[in-house]
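J.: The UniProt record's numbering applies: residue 1 is where the sequence shown begins, and numbers increase by one.
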Amino acid sequence: MELKQLEYFRAIVDAGTISGAARDLHMTQPPLSYQIKMLEEELQVPLFLRGKKRITLTEAGKTLYEQAGNLLMLSDLAKREVIKSSQSAFVNISLKKICF
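Structure below.
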């Protein structure tokens, strides 16, 4: 399971359709559908009930939606913390005045 797949999954749920999510993500529908298919195969559960107009989450999909949100939030926090720590990694050196 990759973070990008979780982002795609949540985008589909938020958009209500795969084509809507593809549009929001500035990508075409086939690669998005493929990533969701790979995610469902890895988890060995269907995440959506696919209808003619909209998708509906299965119970497993509801659980993943919530947990994916938590994981993506932690991932974002980790990125920000790493960037913050790298910016403050500079050491201040004080030079004392020496008189001869």
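We put the beta carbon where it would ideally sit given N, CA and C, even for glycine.
Values in this document were obtained by computation on a predicted structure and should not be read as measured data.
Spatial neighbours of V13 within its chain, please: C-beta separation below 7 angstroms, excluding the five flanking residues on both sides.
T.: The answer, listed in chain order, is L57, Y65.
J.: Which same chain residues, not among the five before or five after M1, have their C-beta less than 7 angstroms away from its C-beta?
T.: Taken in chain order, the residues that qualify are L39, E42.
J.: Assign T56 to one of three DSSP states: helix, strand, or coil.
T.: If DSSP states are grouped into helix, strand and coil, T56 belongs with the strands.
J.: Could you give the first and the last residue of the continuous alpha helix (DSSP H) run that contains L3?
T.: Segment 3-15, the alpha helix (DSSP H) holding L3.
J.: Run the CB neighbour count on G69, radius 10 Å, all protein chains shown included, and call it buried at 16 or more, exposed below.
T.: G69 should be labelled exposed.
J.: Need the endpoints of the alpha helix (DSSP H) that L39 sits in, please.
T.: Run containing L39: 29-43, per the alpha helix (DSSP H) assignment.
J.: Would you mind sorting Q35 into buried or exposed? The rule is 16 or more other CB atoms within 10 Å of its CB.
T.: Buried.
J.: List the DSSP bridge partners of L49.
T.: Its beta-bridge partners are T56.
J.: In whole angstroms, what separates the C-alpha of F9 from that of I83?
T.: Distance between the alpha carbons of F9 and I83 is about 26 angstroms.
J.: Taking its Cβ as the centre, do 16 or more other Cβ atoms sit within 10 Å of L77, making it buried, or is it exposed?
T.: The residue in question, L77, is exposed, as its Cβ has fewer than 16 Cβ neighbours within 10 Å.
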